[in-house]
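Engineer: Supplied in structure tokens, the structure appears directly below.
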Amino acid sequence: MGPLPRTLELFYDVLSPYSWLCFEVLCRYQKIWNIKLQLQPTLIAGIMKDSGSLSAMRFLTAVNMETPEMLEKVSRELWMRVWSRDEDISEPQSILAAAEKAGLSAEQAQGLLGMISTAEVKKKLMEVTEVACKYGAFGLPVTVAHVDDQTHMLFGSDRMELLAYLLGEKWMGPVPPALNARL
Amino acid sequence: MGPLPRTLELFYDVLSPYSWLCFEVLCRYQKIWNIKLQLQPTLIAGIMKDSGNKPPALLPRKGQYLKSELSLLKHHFQVPIKFPKDFFSVIIDKGSLSAMRFLTAVNMETPEMLEKVSRELWMRVWSRDEDISEPQSILAAAEKAGLSAEQAQGLLGMISTAEVKKKLMEVTEVACKYGAFGLPVTVAHVDDQTHMLFGSDRMELLAYLLGEKWMGPVPPALNARL
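These protein sequence lines map, in sequence, to chains A and B. Each residue of the first sequence is one higher than the one before, counting from 21 in this note's numbering. Each residue of the second sequence is one higher than the one before, counting from 4 in this note's numbering.
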């Protein structure tokens, strides 16, 4: 058995296009590097004065609590709406559409949507946002790498090559060849 | 004869550590890529004023972050950056007006020395926490770079002339016209297009735009073209 995978926490908000860039690079590299990627839906409005993604990020928080294996796909579909097709992500129908496009059934999606107004989900999103702030975040995306006994907080989608350096891994650009994927 | 080298303009100020990182990377790659690097001494204070932007370190959490990230980047980029003890005094109080006017004069009179003198000014302020605002400080950097005492004094004498002041202002305006809100700014002229890139972290994107190979911030020297 090889060395333990290093945990990377990615704090992101779908309102942030640079979060999307960072997310896609790390999703590609999670199959190549010896890392465990922990997606952390965060509220950028809680870090700086901003608006617009409260429902979407609460929804992702709910997904992370109930069906975490769907978090990557649902996150991506929300980005595709707001940052690729210039579609709304604040209305319930918009969020349901993204969830279903990601592969959730209508029932599952509705169930998760129902959760976004609960104290539990609101609290969880707030807590994750506070964690990002404690790490020193002033914006998103923030990648927190736990390497050996050290914790490194990196801001931005343009610190991935530095991340590779800290992990002792090979940087192959933002679109690495898939053939290098570990099994 | 191969294709013509693409011109890259680097707008920089020695007050900016990220300008130093960008500068060193481009100096390394100018021997490897088919480019012509044009160093453009610029006044970051002028860019801030014109754009309404503020130095990022003025936001406490950003200042904290910059400090920690630079201590990582220095190893990755192999540039001996050390945060000055009294950062705000260096950046906000003392500034870089004389130093950048001096570099403007160097660029006008002995441009082949611009790279070395720029580097010695960065080594003072951003590696050894030494002054760059006093005349003696600037002369010391110039002489360390290889200028004679006479040459250095001559250039120092020029920094109060209308010609040098005007030139620095003009270069700063050019950067602003390209859309600068901070430094470093790299302007790449590729085919018929002009690309303005902000920051030391856009070098891989620059390689992509140039159709060149990115080999990290410390490329192997063996690949240098003759």
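Using N, Cα and C, we set each Cβ at its ideal position, and we do this for glycine too. Predicted, not measured: the structure shown is a model, and the values here were computed from it.
Let's test the definition: count the other Cβ atoms within 10 Å of the Cβ of A:Ser95 and tell me whether it reaches 16, buried, or not, exposed.
Structural biologist: Looking up residue 95 of chain A in the first sequence gives position 75. Buried is the call here.
Engineer: At least one CB of chain B closer than 8 Å to the CB of A:Gly188: is that the case?
Structural biologist: Counted from its first residue, the first sequence places residue 188 of chain A at position 168. No, no contact with chain B.
Engineer: Quick test of your reading: A:Leu186 and A:Ala165, contact by CB under 8 Å. State the CB separation rounded to the nearest angstrom.
Structural biologist: Along the first sequence, read from residue 1 onward, the residue named residue 186 of chain A stands at position 166. Along the first sequence, read from residue 1 onward, the residue named residue 165 of chain A stands at position 145. Rounded, the Cβ-Cβ distance is 6 Å, consistent with contact.
Engineer: Counting C-beta neighbours from all protein chains within 10 Å, is the total for A:Pro161 16 or more, i.e. buried, or is it exposed?
Structural biologist: Here the question's residue 161 of chain A lines up with position 141 in the first sequence. It is buried - the Cβ of A:Pro161 has at least 16 other Cβ atoms within 10 Å.
Engineer: Measuring alpha carbon to alpha carbon, tell me which of A:Met85, A:Leu46, A:Leu28, A:Leu98 ends up nearest A:Ser36.
Structural biologist: Taking the first residue of the first sequence as position 1, residue 36 of chain A is located at position 16. Ranking the options by Cα distance to A:Ser36, first place goes to A:Leu98.
Engineer: Mind pulling the chain A residues with CB within less than 7 Å of B:Lys147?
Structural biologist: For the purposes of this step, residue 147 of chain B is taken as the residue at position 144 of the second sequence. Per Cβ cutoff of 7 Å: no residues; B:Lys147 is ~30 Å from chain A at best.
Engineer: Residues in the same chain with beta-carbon distance under 6 Å from A:Ala157, minus the five sequence neighbours each way, listed in chain order, please.
Structural biologist: Translated into positions along the first sequence, residue 157 of chain A becomes position 137. Counting only Cβ-Cβ distances below 6 Å, and skipping sequence neighbours, we find Ile67.
Engineer: With distances taken between CB atoms, is the gap from B:Thr10 to B:Leu186 smaller than 8 Å?
Structural biologist: The residue labelled residue 10 of chain B in the question sits at position 7 within the second sequence. The residue labelled residue 186 of chain B in the question sits at position 183 within the second sequence. Not in contact: B:Thr10 and B:Leu186 (Cβ atoms no closer than 8 Å).
Engineer: With 16 other CB atoms within 10 Å as the buried threshold, where does B:Ile38 fall?
Structural biologist: Locating residue 38 of chain B in the second sequence gives position 35, where the first residue counts as 1. Under this definition B:Ile38 is a buried residue.
Engineer: Going by C-alpha to C-alpha distance, which of B:Trp217, B:Ile47, B:Gln67, B:Val82 sits closest to B:Leu172?
Structural biologist: Start at 1 with the first residue of the second sequence, and residue 172 of chain B comes out as number 169. The amino acid occupying residue 172 of chain B in the given sequence is Met; Leu does not appear at that position. It is B:Ile47.
Engineer: Throw me the rounded Cβ distance for the B:Leu40 and B:Leu13 pair, which I believe falls under 8 Å.
Structural biologist: Translated into the one-based positions of the second sequence, residue 40 of chain B becomes position 37. Translated into the one-based positions of the second sequence, residue 13 of chain B becomes position 10. Indeed, because the Cβ distance is near 6 Å, the residues count as touching under 8 Å.
Engineer: Assign A:Phe43 to one of three DSSP states: helix, strand, or coil.
Structural biologist: Within the first sequence, residue 43 of chain A is the residue found at index 23, counting from 1. Reduced to three states, the DSSP call for A:Phe43 is helix.
Engineer: What's the C-alpha gap between B:Asp16 and A:Pro25?
Structural biologist: Along the second sequence, read from residue 1 onward, the residue named residue 16 of chain B stands at position 13. Along the first sequence, read from residue 1 onward, the residue named residue 25 of chain A stands at position 5. So the two alpha carbons sit approximately 41 Å from each other.
Engineer: Label A:Asp33 either buried or exposed according to how many other C-beta atoms from any shown protein chain fall within 10 Å of its C-beta, with 16 as the threshold for buried.
Structural biologist: Translated into positions along the first sequence, residue 33 of chain A becomes position 13. That one is buried.
Engineer: Distance check for A:Glu181 and B:Ala210, CA to CA, integer angstroms please.
Structural biologist: Here the question's residue 210 of chain B lines up with position 207 in the second sequence. Here the question's residue 181 of chain A lines up with position 161 in the first sequence. B:Ala210 and A:Glu181: Cα-Cα distance of roughly 14 Å.
Engineer: Consider the Cβ of B:Gln67: report whether some Cβ of chain A lies at a distance smaller than 8 Å.
Structural biologist: Position 64 of the second sequence holds residue 67 of chain B. Chain A, which has a Cβ nearer than 8 Å to the Cβ of B:Gln67, makes this yes.
Engineer: Nearest to A:Lys14 by CA position, among A:Leu132, A:Trp40, A:Leu30, is which residue?
Structural biologist: A query on residue 14 of chain A cannot be resolved here, the shown segment of chain A reaching from 21 to 203 and no further.
Engineer: Please go through the same chain and pick out, in chain order, the residues whose beta-carbon is closer than 6 Å to the beta-carbon of A:Lys211, but skip the five residues on each side of it.
Structural biologist: Shown here, chain A extends from 21 to 203; a query on residue 211 of chain A therefore has no answer.
Engineer: Going by DSSP in three states, B:Tyr211 sits in which element: helix, strand or coil?
Structural biologist: Locating residue 211 of chain B in the second sequence gives position 208, counting from the first residue. Helix at B:Tyr211.
Engineer: What do you reckon, are the CB atoms on B:Leu150 and B:Met126 nearer than 8 Å?
Structural biologist: Taking the first residue of the second sequence as position 1, residue 150 of chain B is located at position 147. Taking the first residue of the second sequence as position 1, residue 126 of chain B is located at position 123. Against a cut-off of 8 Å, the Cβ pair of B:Met126 and B:Leu150 comes out as no contact.
Engineer: Step through the CB atoms of chain B and report whether any lies within less than 8 Å of the CB of A:Phe175.
Structural biologist: Translated into positions along the first sequence, residue 175 of chain A becomes position 155. Taking Cβ atoms only, chain B reaches closer than 8 Å to A:Phe175, which makes this a yes.
Engineer: Give me the residue from B:Gly55, B:Arg205, B:Val128, B:Met199 with the minimum Cα distance to B:Met103.
Structural biologist: Within the second sequence, residue 103 of chain B is the residue found at index 100, counting from 1. The shortest Cα separation from B:Met103 among B:Gly55, B:Arg205, B:Val128, B:Met199 belongs to B:Val128.
Engineer: Can you tell me the Cα-Cα spacing of A:Ser177 and A:Gly159, whole angstroms?
Structural biologist: Here residue 177 of chain A refers to the residue found at position 157 of the first sequence. Here residue 159 of chain A refers to the residue found at position 139 of the first sequence. Between A:Ser177 and A:Gly159, the C-alpha separation is close to 11 Å.
Engineer: Consider the Cβ of A:Leu203: report whether some Cβ of chain B lies at a distance smaller than 8 Å.
Structural biologist: Residue numbering aside, residue 203 of chain A sits at position 183 when the first sequence is read from its first letter. Below a pLDDT of 50, predicted positions are generally treated as unreliable, and A:Leu203, at 47, falls in that range; the measurement from the model is reported next regardless. Cβ-Cβ to chain B under 8 Å: no for A:Leu203.
Engineer: Cα-Cα, which of A:Asp168, A:Val195, A:Glu111 is closest to A:Leu28?
Structural biologist: To locate residue 28 of chain A, count along the first sequence from 1; it is residue 8. It is A:Asp168.
Engineer: Indicate whether at least one CB of chain A lies closer than 8 Å to the CB of B:His79.
Structural biologist: By 1-based counting over the second sequence, the position of residue 79 of chain B is 76. True, the Cβ-Cβ gap to chain A drops below 8 Å.
Engineer: Please specify which runs of the alpha helix (DSSP H), each continuous and at least 4 residues long, are wholly inside the region 105-169 of chain B, giving them in chain order.
Structural biologist: Listed in chain order, the complete alpha helix (DSSP H) runs (minimum 4 residues) inside the region 105-169 of chain B are 117-130, 138-148, 152-161.
Engineer: Hey, B:Leu73 and B:Pro20: beta-carbon distance below 8 Å or not?
Structural biologist: Looking up residue 73 of chain B in the second sequence gives position 70. Looking up residue 20 of chain B in the second sequence gives position 17. Yes, they are a contact pair.
Engineer: Mapping the DSSP letters down to three states, classify A:Ala184 as helix, strand or coil.
Structural biologist: What you label residue 184 of chain A is simply residue 164 of the first sequence in a count that begins at 1. The answer is helix: DSSP assigns A:Ala184 an H, G or I state.
Engineer: Could you tell me which chain B residues have their CB closer than 8 Å to the CB of A:Asp178, listed as they occur along the chain?
Structural biologist: Mapped onto the first sequence, residue 178 of chain A falls at position 158. Per Cβ cutoff of 8 Å: Gly202, Asp204, Arg205.
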